[in-house]
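Peer 1: One structure coming up, written as structure tokens, with questions to follow.
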Amino acid sequence: MAPRRPTSTPSPSSRLDQVDRLELWRRWKASDCNGCWSGCCTFPVEMSVHDLIRLGHATEDEASASLSRLGRRLLDEGVIQSYRAASQIFVLAQKPSRDCIYLGPDRLCTVYERRPEVCRMFPKIGPKPGSCPGHVRHAQTKGGPK
Ligand code: SF4
Ligand code: SF4
Numbered sequence: 654m655a656p657r658r659p660t661s662t663p664s665p666s667s668r669l670d671q672v673d674r675l676e677l678w679r680r681w682k683a684s685d686c687n688g689c690w691s692g693c694c695t696f697p698v699e700m701s702v703h704d705l706i707r708l709g710h711a712t713e714d715e716a717s718a719s720l721s722r723l724g725r726r727l728l729d730e731g732v733i734q735s736y737r738a739a740s741q742i743f744v745l746a747q748k749p750s751r752d753c754i755y756l757g758p759d760r761l762c763t764v765y766e767r768r769p770e771v772c773r774m775f776p777k778i779g780p781k782p783g784s785c786p787g788h789v790r791h792a793q794t795k796g797g798p799k
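For the sequence shown, position 44 (counting from the first letter as 1) is numbered 697 according to our numbering, and the numbering increases by one without interruption.
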């Protein structure tokens, strides 16, 4: 997710109408990330407490004390949008645009070295393993997936 190299223009909101359509996603290759609009960073990011510790949002002591209490604090601070106690999953907050809160205006990840595990694994894991929405823009302009 969110390559570190410079990207092109920010995503117009019209692209978001398309990004959930998995039939528009295409097989991913690493070179696709160069200059991409980072559509992968417009989806909710599920995190463990270990991700939160790496990001600097929790301490080891907090993690061992009460995850529910930690979840309440992070909700109040706007870091997460939800906490699922049964699975101990924290969901990272998103901007009104739907972008991840850590996606910069240049559409690069601002916490790349500390990013959550699922971001490191995408698109190996994800809604359509092995594929991503990087080509949605092209699918739109060229009239659909090839
Ligand atoms: S949408 Fe795909 S090509 Fe674009 S940054 Fe994400 S993984 Fe890379
Ligand atoms: S943490 Fe970084 S890589 Fe992960 S979704 Fe947010 S901006 Fe993208």
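All C-beta atoms in this analysis are idealised placements derived from N, C-alpha and C, irrespective of residue type, glycine included.
What residue range does the beta strand (DSSP E) around I742 cover?
Peer 2: Where I742 is concerned, the enclosing beta strand (DSSP E) stretches over I742 to L745.
Peer 1: With a CB to CB cut of under 7 Å and the five nearest residues on each side skipped, what residues in its chain are close to V599?
Peer 2: Here the chain comprises residues numbered 654 to 799, so residue 599 is not present and cannot be evaluated.
Peer 1: When we look at the beta-carbon of D752 and count the other beta-carbons within 10 Å, is it buried (16 or more) or exposed?
Peer 2: Under this definition D752 is a buried residue.
Peer 1: For P780, collect the residues of the same chain with a Cβ closer than 7 Å to its Cβ; drop the 5 residues on either side in sequence, then sort them by chain order.
Peer 2: So the qualifying residues of the chain are L675.
Peer 1: Which residue from K777, I778, C762 and F775 puts its Cα closest to that of L708?
Peer 2: If we check each option's Cα against that of L708, C762 comes out closest.
Peer 1: Distance cutoff 7 Å, beta carbons only. Does T695 sit that close to anything in chain B?
Peer 2: Here there is only one protein chain, and chain B is not present.
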